[in-house]
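Let me begin by presenting the structure, written as C-alpha cells, before commenting on it.
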Amino acid sequence: MDRREFIKKTAAIGIGAGLLFLPKGLRGAAGAAAQEYPDLVALRGGLPEAMFDTGIKKIGGIGRFVRKGQTVVIKPNMSWDVSPGNPANTSPALVAQIARHCRDAGAKRVVILDHSIEYWENSRKSSGIGEAAEGVGAIYAPAEKEGYYQKVPVGGARLKETSIHESLLECDVLISAPVLKHHGGAGVSISAKNLMGCVWNRREYHSQGLQQCISDFLRVRKPDLNVVDAYRVITRNGPRGGSPSDVADLGSLIISPDVVAADTAASMMLGRKQGEIEHIRLAAEIGLGRMDLANLKIERITL
Amino acid sequence: MAKSSTRPRVYKAVAAARLCVALGVLALFVFAYLSGSGGGNRLLALLMKSQFTSVLYGHGVASIAVAAAVFSSLLAGRVFCSVICPMGSLQEAFWRISRRLGTGAGGRVRPWRARYAVTLAACVGIILSIPQLALVVDPISLFGRGMTAVRALRDGHAPSFTLLVSAPFAVILLISLFRGRRFCDWCPAGISLGLLSSFAPLGMRISAGCTSCGLCEKKCPTGCVDSKEKEIDGRRCVLCLSCADCPGGFIGFGVRGASKSGQIGRRYFLSSAGSKAAALLFGALYATGANIRHLFRGRGGRALRETGEDSSRAYDGPPLPILPPGGRNVGHYSSRCSGCQACVAACPVKILKASGRLRPSLDYTEDYCQYSCVECGRVCPTGAISSLDVEKKRRTRVALSNLSLNRCVVTAKGQACGACAEVCPTRALRMIPFENAPGLTIPAFDEPYCIGCGACLVVCPARPVAFSLTAVRRQSETPGIRPTDYDEGLPRLPETDDFPF
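Take a look at the structure:
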C-alpha cells in the first residue's frame, strides 16, 4: 500500500464511519420533508434555555439547521452596556444554550456577532454574553472596526447596498436570537430589526427609511432559525429601557425558521396587531416569510 | 591600585542597570499611552503620578513625586531626568542607537543662556494664566502629544491638528538623533531640578591625572562634560555614568567641588554661586507657579460664579470647549490641566482630543461620551478631570443638547426613525406619537435630564443634524434617568394566560 492509496483508504473509512455514526442531523434533515415539523413553536413556563431545549426538539432538532463542520453565526441583541437585569440584551444563558446545541451538532465554528451600539468592550462585559459564549467555545466576533465589514449589493426598495460583517459572508447558518422589546422608532425590535446589528452603517437605515431598510436587509441574508427571547421584555422606552416599570415578565420563547412568522407572533405578545408593524408587513409583502399565522402550523407548549 | 581597576567595572554595571531602568520606564510609558486598554489605563494612571510637573499642576506640592524629584536633585543631581522622564529617555535611546549606526555624535555642548528665559517665561505665564508656553515645553506634555500623534498615525487617521501640535516632539527627536539630549537643556523641569542640584554635594567629578583625551565627552548624551577644563556641569548631568568608562579611571561618582587638583575651580565657583541664587528663584518658581496662581484665583471659577445666572444652562457667548466629565468649568480645568494627554490616550472611543489650547476637550464628530465610562478622570494626574464614580458621572452634565424638530427625518421625510431616543442613556429623549402621521413617532426632549453626552447628535441621520450641543459653563448634576410614570399611548399587553395568536 503506497502513501496515496493509504490516504484514499483512510479517507474512505473515515467517510464511512462518519455516515454510520454521525448522520443524526442528516437523517433529521432527510426526514424533514416527510415529517411535518411545525412552522413555529411557542413556549412558556420555563427558563429560556430549558424552553429552547424543548422547542428546538419539537421543530426538528438543531441538526435540521446545523450540519457537522459548518460555521454558525448567532446574532443576539448585545448592543447595550446594561446588566442582564435590564432585558435590552438577549439572555446570556439562552445564547450559550443555542451555541452549545450548535457545538453538539458538530458545528466547526460558532460565532457570536453584534455591532455594539455602546462601546463594545463595556457591552460585552455587562451583557454577560461574552463570558457565556466563550464558556461554550463560541467566538465573540470583533465588530467595532469598519475593516470587518464588506460592501454587498442589497437591491432593496430603499437599501441598495450596505456593508455587512464578514462573518455573515462566510457562515453556513445564521441564527437570529433577539430579545423581544419595544422600539421607539420601529415599533418593536425582534428578529428582523435585530439583524441591523450585522451592518456597519446604522445611520444609513435611519436616513433612508428605517422600516423599509429593515425588511430590505432580509434580501441579503434571511436567518435560517429565529429564537425570540420573550422571557422578560421591555414594553416601553425601548430598545434600551432602564427602569423596572418598563419590564414585563412574559416567560416565553418563540422558535421558527420563518423570520416574518416569528416577528409577527412575538409582536402580538406586545399587544401589536398582525400586520401593524410596518417592517414585518413589508417583509411579508415581498415574500420573505408569512405573517398569516392562522394558516401556519403552530405548536404551543407550556412547560 | 586595586581600587581603580575594580571601580570602572562597577560603574559599567551601574550604568547598564540605570539604562535598563530608564528604558524600562520609557517602554511602560509608550505601552500605556498607546494601549488604550483597561490595563493600559491603570498603568498610565500609576505612571503619571511619577511625573512631578503634572503633579504640580494639580497643586500637589506636598507629594511624594515632588519630594523625590527635589530631594534627589539636592543630593546628587538630575535623577528624575535620568530614569523617570520618558522624554529624556526617549531622546537618549534615539541618540544611542544613532551613535551605534555612526550618525550620532557626542561632544561638549554649551547651551544658550536664553533657556533660562524660556523657563522664567513659562513660570510667569503660569502665574499670569497664560500657561500655553509651559504646556508646550513641559516634558510629559510634549511626550503625551507625541504619543497621541503616534497612535493616530498607527490607527490610520491622523488629523492635521494632532500632527501640528506634536511637531515639537518630532523636531526634538530628530535633533536627538545627532546631538543627544538637547531638549533637556531647555526643559523647565530639567532646568529647575538642575539648579536645585547646584547644591548637591554628590555627583560626577574628574580627578587629578586626567589627560583631557576627550573620550568622556564623546560618550556623554547630555554634552555636559568639558574635558579640556576638566569639568562636568552638574546642572545638566543625568548621572548616566557613560563618562566613567574612562581608560585612566579619572572620572567617578563622589563628593563634588573637588575638581582638578583638589581645589575648587574659579569657573565652577562662580557658576555655582550664581546658580545657587538662581536656583532659589527658578526652582521655587516653577515648583509653585501653578500653585501661586491657584492661590490668587481661588478655584478659578469665581468669575463665573459671580455672574449670578444659572451657569449649568447653555448661554449665548463665544463657544466654550466641552470639558470631559469631571472638568467642572473652564477655570478649574485650565488651572490644573498640564496637557499631558493621558485622558486622550485613555478615552476608549477617542472623542477626547487636543484642542487649540493644548488642553483636551470633547469632540462629538465621530463618537459620543459613553454613559458608564470614567476612564479620563481615572488617569488624570492633576485632578483637572476629577475622578468621578460611575453613578456621579451618569448625572454629570457636560453640555446641553438642543433639538430642532423641523430637521428631524420623521417630520421632514415622514420616515420612522427613533435613533436619538434609542441611544439617549437618560431618556431625556423619548419617542411620542406624531399627530400629523398616525403610526409614526417623533422625539420629545426633556432638557433637565440631558447630560450632554452627544449620543443624539452622533447617531442623528438628518442632514443638517437635528441636534446641536452647547457646552455648559459649569458642569452640574442632573436628576439621573427620566422616570416614566405615564402612558405613552402604547398598546396594552394582552391579558391572557395563553399566547395571543
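Note that the protein sequences, when read in sequence, are chains A and B. First residue of the first sequence: 1, per our numbering; consecutive thereafter. First residue of the second sequence: 304, per our numbering; consecutive thereafter. Ideal Cβ placement from N, Cα and C applies to all residues, glycine included.
Only counting runs of 3 or more residues, tell me where the beta strand (DSSP E) segments fall wholly within the stretch 139-183 of chain A, in order along the chain.
149-153, 161-165, 173-177, 179-183
Could you check whether the Cβ of A/Tyr149 sits closer than 8 Å to any Cβ belonging to chain B?
no
So, is the C-beta of A/Ile117 closer than 8 Å to a C-beta in chain B?
yes
So, for B/Cys781: in the same chain, excluding its five sequence neighbours on each side, which residues have a beta-carbon less than 8 Å away from its beta-carbon?
What sits at residue 781 of chain B in the sequence shown is Thr, not Cys. Answer for B/Thr781: Arg698, Thr699, Arg700, Thr729, Pro751, Tyr752, Cys753, Ile754, listed in chain order.
Considering only the alpha carbon of each residue, which of B/Thr714, B/Tyr667, B/Ile494 lies closest to B/Trp415?
B/Ile494
Can you pull the chain A neighbours of B/Leu793, defined as C-beta to C-beta under 9 Å?
His182, Thr235, Arg236, Leu270, Gly271
Under 6 Å Cβ to Cβ from B/Ala561, same chain only, skipping five residues before and after it: list those, please.
Only weak support exists for where B/Ala561 lies, its pLDDT of 49 falling under 50; the value from the coordinates is given anyway. The answer is none, since no qualifying residue turns up.
Assign B/Met734 to one of three DSSP states: helix, strand, or coil.
strand
Taking the straight line between their C-alpha atoms, what separation do you get for B/Leu350 and A/Glu170?
44 Å
Against chain A, with Cβ distances strictly below 8 Å, would B/Tyr674 count as a contact?
yes
What would DSSP say about B/Arg605, mapped onto helix, strand or coil?
Low confidence applies to B/Arg605: its pLDDT is 38, below 50, so where it sits in the model is not reliable enough to give any reading.
Taking CB distances under 8 Å as the criterion, tell me whether B/Cys720 reaches chain A.
yes
Residues bridged to B/Gly555 (per DSSP):
B/Arg508
In the DSSP assignment, find the unbroken alpha helix (DSSP H) run with A/Glu121 in it and report its ends.
120-127
Would you grab the beta carbon distance between B/Leu505 and B/Val558 for me? Rounded to a whole angstrom, and I think it's under 8 Å.
6 Å
Where B/Pro746 sits in the DSSP three-state scheme:
strand
Sequence-distant residues of the same chain with beta carbon closer than 8 Å to A/Leu195, five excluded per side
Lys75, Ser176, Ile214, Phe217, Leu218, Arg221, Pro223
Could you give the uninterrupted runs of the beta strand (DSSP E) lying entirely in the stretch 648-735 of chain B, keeping only those of 3 residues or more?
655-657, 663-665, 699-706
Under DSSP, the beta strand (DSSP E) around B/Pro767 begins and ends at which residues?
First-last for B/Pro767: undefined, no H or E at that position.
Entirely within the stretch 357-386 of chain B and at least 4 residues each: give me those alpha helix (DSSP H) ranges in chain order.
367-378
Only counting the same chain, and skipping five residues up and downstream in sequence, which positions put a Cβ closer than 8 Å to that of B/Pro767?
Arg710
Classify B/Thr799: buried if its beta carbon has 16 or more other beta carbons within 10 angstroms, exposed otherwise.
exposed
Below 8 Å, can you find three or more Cβ-Cβ pairs linking the stretch 242-262 of chain A to the stretch 40-50 of chain A?
yes
Let me check understanding here. Comparing Cα to Cα, which of B/Lys656, B/Arg681, B/Cys640 lies closest to B/Ile433?
B/Cys640
Please name the residue, chosen from A/Gly187, A/Glu161, A/Val260, that lies closest to A/Ile286 on a Cα-to-Cα basis.
A/Val260
How many angstroms separate the CA atom of B/Lys563 from the CA atom of B/Leu476?
For B/Lys563, the predicted model reports a pLDDT of 42, less than 50, meaning its position is unreliable; a value from the coordinates is still stated below. If you take the alpha carbons of B/Lys563 and B/Leu476, they lie about 35 Å apart.
Under 9 Å (Cβ pairs) to chain B, residues found in the stretch 191-214 of chain A
Arg202, Arg203, Glu204, Tyr205, His206, Ser207, Gln208, Gly209, Leu210, Gln211, Gln212
Would you mind sorting B/Asp801 into buried or exposed? The rule is 16 or more other CB atoms within 10 Å of its CB.
exposed
At least 3 beta-carbon pairs within less than 8 Å: the stretch 472-487 of chain B vs the stretch 521-539 of chain B:
yes
Any C-beta of chain B under 8 Å from that of A/Glu278
yes
Is it buried or exposed for B/Arg602, if we count other Cβ within 10 angstroms and need 16 for buried?
The predicted position of B/Arg602 is uncertain, since its pLDDT is 42 and thus under 50; a value taken from the coordinates is nonetheless stated next. Exposed.
Which two residues bound the contiguous beta strand (DSSP E) that contains A/Glu299?
298-302
Proximity to B/Arg777 [Cα-Cα], best of B/Ala455, B/Ala715, B/Tyr336, B/Asn632:
B/Asn632
Go ahead and pull the three-state DSSP assignment for B/Asp529.
strand
Determine, using beta carbons only, whether A/Glu121 comes closer than 8 Å to chain B.
yes
Is there at least one Cβ from chain B nearer than 8 Å to A/Arg300's Cβ?
yes
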